[in-house]
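Counting from 1, position 67 in the sequence shown corresponds to residue 96 in the working numbering; the numbering is continuous, with no gaps.
Heads up, the beta-carbon is just placed ideally off N, CA and C, and yes, glycines get one too.
Structure, as structure tokens:
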Amino acid sequence: MTVPVSEHSTLQSTSVYLGKRWNWSAHDYAKDSFLETQNVARSTETSDSFRARCLAPAQALFPLISSIENQGFTVVTPTLASAGYNDSVDGKALEDDVKAIHDEIMPYLDNGQKIIAMGHSYGAVPLSVAVNGYTQAEQEQKGKQGGFVSVIFIAPTPVLQKGISMYDSVGGQYTSAWFHDVSDTRLPLKNDKLMEAFFSNVDKSIADEIIPTLCHQSKGPFEVPVPCTPADLNIPKILVLCKDDPIFTKDILTFIADKWGAAILEIESGHSPHLLETHRQWIVNLVATEAEKA
30 MTVPVSEHST LQSTSVYLGK RWNWSAHDYA KDSFLETQNV ARSTETSDSF
80 RARCLAPAQA LFPLISSIEN QGFTVVTPTL ASAGYNDSVD GKALEDDVKA
130 IHDEIMPYLD NGQKIIAMGH SYGAVPLSVA VNGYTQAEQE QKGKQGGFVS
180 VIFIAPTPVL QKGISMYDSV GGQYTSAWFH DVSDTRLPLK NDKLMEAFFS
230 NVDKSIADEI IPTLCHQSKG PFEVPVPCTP ADLNIPKILV LCKDDPIFTK
280 DILTFIADKW GAAILEIESG HSPHLLETHR QWIVNLVATE AEKA
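Dropping the structure here:
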């Protein structure tokens with residue numbers, strides 16, 4: 030089965046994991062995939078309006094990817110266009126990130142695979158847009174097999190309105206500006222706020238390894254109209270609420286989950302649960318549970 034996961038990286042440059050084929054010892058499942066998106070941002074120049082920057086995929090996500098692959102999934106990690114290590118990110122917007130996801134996932138959809146999508150932080154925004162129109166029911170209407178069967182949102186950016194930008198939806202401001210600045214083209218992170226924002230429950234030694242890998246984040250995705258929200262997705266949705274997250278707090282995401290029609294699962298974690306072994310395994314088990322339902 031294909032499980033897409035998207036994760037926002039503020040440490041941010043989105044990466045998408047396309048679940049690798051899984052083979053459970055006691056079962057014989059169809060070939061599916063897992064997709065995850067994440068954003069990568071640089072500690073000197075990245076930040077996002079609602080979410081924290083995204084983690085560099087190779088460094089921050091490799092343990093999670095490996096854990097998922099060890100369960101037999103195929104994992105694909107598309108890199109979002111709005112995050113990177115040079116000025117190529119300037120001017121990149123939401124549609125560019127959606128295209129990056131589609132470019133990676135379409136071969137699996139065309140092959141009739143079922144996909145479970147997972148998105149973290151800002152990664153949940155382009156992931157939702159990428160999923161829209163390609164759910165299993167929508168694929169069946171086109172006479173095709175496979176499609177997205179469920180979505181897992183981990184500490185997601187709380188988008189409620191479509192047809193308006195995330196920036197304008199909160200009064201023309203960056204509510205996350207406490208941990209990043211705003212330049213003409215990017216959202217530079219504030220170095221003295223990184224531990225508090227993204228690594229509050231993470232050992233400092235782990236954070237120290239990841240921070241140097243953070244990259245630039247375009248502010249483009251946050252200043253263009255959002256074409257759809259998770260509320261538009263007619264598939265099972267789970268919102269993983271990280272109870273100690275200082276960016277997207279429990280009261281905000283509890284409200285958001287209700288509006289999205291998403292079930293809530295709480296976890297004792299800060300914004301980056303995938304960086305802790307215990308939480309990482311919890312996420313892997315959640316993916317496996319969702320895959321068994323598909």
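With contacts defined as CB atoms closer than 8 Å, Ala153 and Thr186 qualify as a contacting pair. In the three-state reduction of the DSSP assignment, Phe227 falls in the helix class, which pools H, G and I.
Looking only at Gln190, Val158, Asn220 and Ala323, the smallest Cα-Cα distance to Thr242 is reached by Asn220. As a beta-bridge residue in DSSP terms, His245 pairs with Gly113. Secondary structure remark: continuous beta strand (DSSP E) runs of at least 3 residues inside the segment 87-155, in chain order: 143-149.
Put simply, of Ile240, Asp213, Thr214 and Ala323 the residue whose alpha carbon is nearest the alpha carbon of Ala226 is Ile240.
With contacts defined by Cβ atoms closer than 8 Å, Val188 and Thr258 form a contacting pair.
Here Met135 is exposed: its Cβ has fewer than 16 other Cβ atoms, across all protein chains shown, within 10 Å. In the structure shown, Val313 falls within a helical segment according to DSSP collapsed to helix, strand and coil. Excluding five sequence positions before and after Leu315, the CB atoms of its chain that fall closer than 8 Å to its own CB belong to Ile181, Ile267, Val269 and Leu294, given in chain order. For secondary structure counted as the alpha helix (DSSP H) over 4 or more consecutive residues, the segment 268-322 holds these complete runs in sequence order: 279-289 and 306-322. Distance from Asp119 to Ser247 at the Cβ level is roughly 6 Å; contact confirmed, criterion being Cβ atoms closer than 8 Å. Assignment of Pro259 by DSSP, reduced to helix, strand and coil, places it in the helix class.
DSSP places Lys233 in the helix class (H, G or I) of the three-state scheme. The alpha-carbon of Lys128 is positioned some 8 Å away from that of Ala159. Taking Asp132 as the centre and dropping the five residues before and after it, the same chain places the C-beta of Pro107 closer than 8 Å to its C-beta, in chain order.
Per the coordinates, the alpha-carbon of Ile285 lies some 32 Å from the alpha-carbon of Asp237. Exposed is the label assigned to Asp213, since fewer than 16 other Cβ atoms lie within 10 Å of its Cβ. If you compare the alpha carbons of Phe102, Gly192, Val178 and Lys322 with that of Phe251, the shortest gap goes to Gly192.
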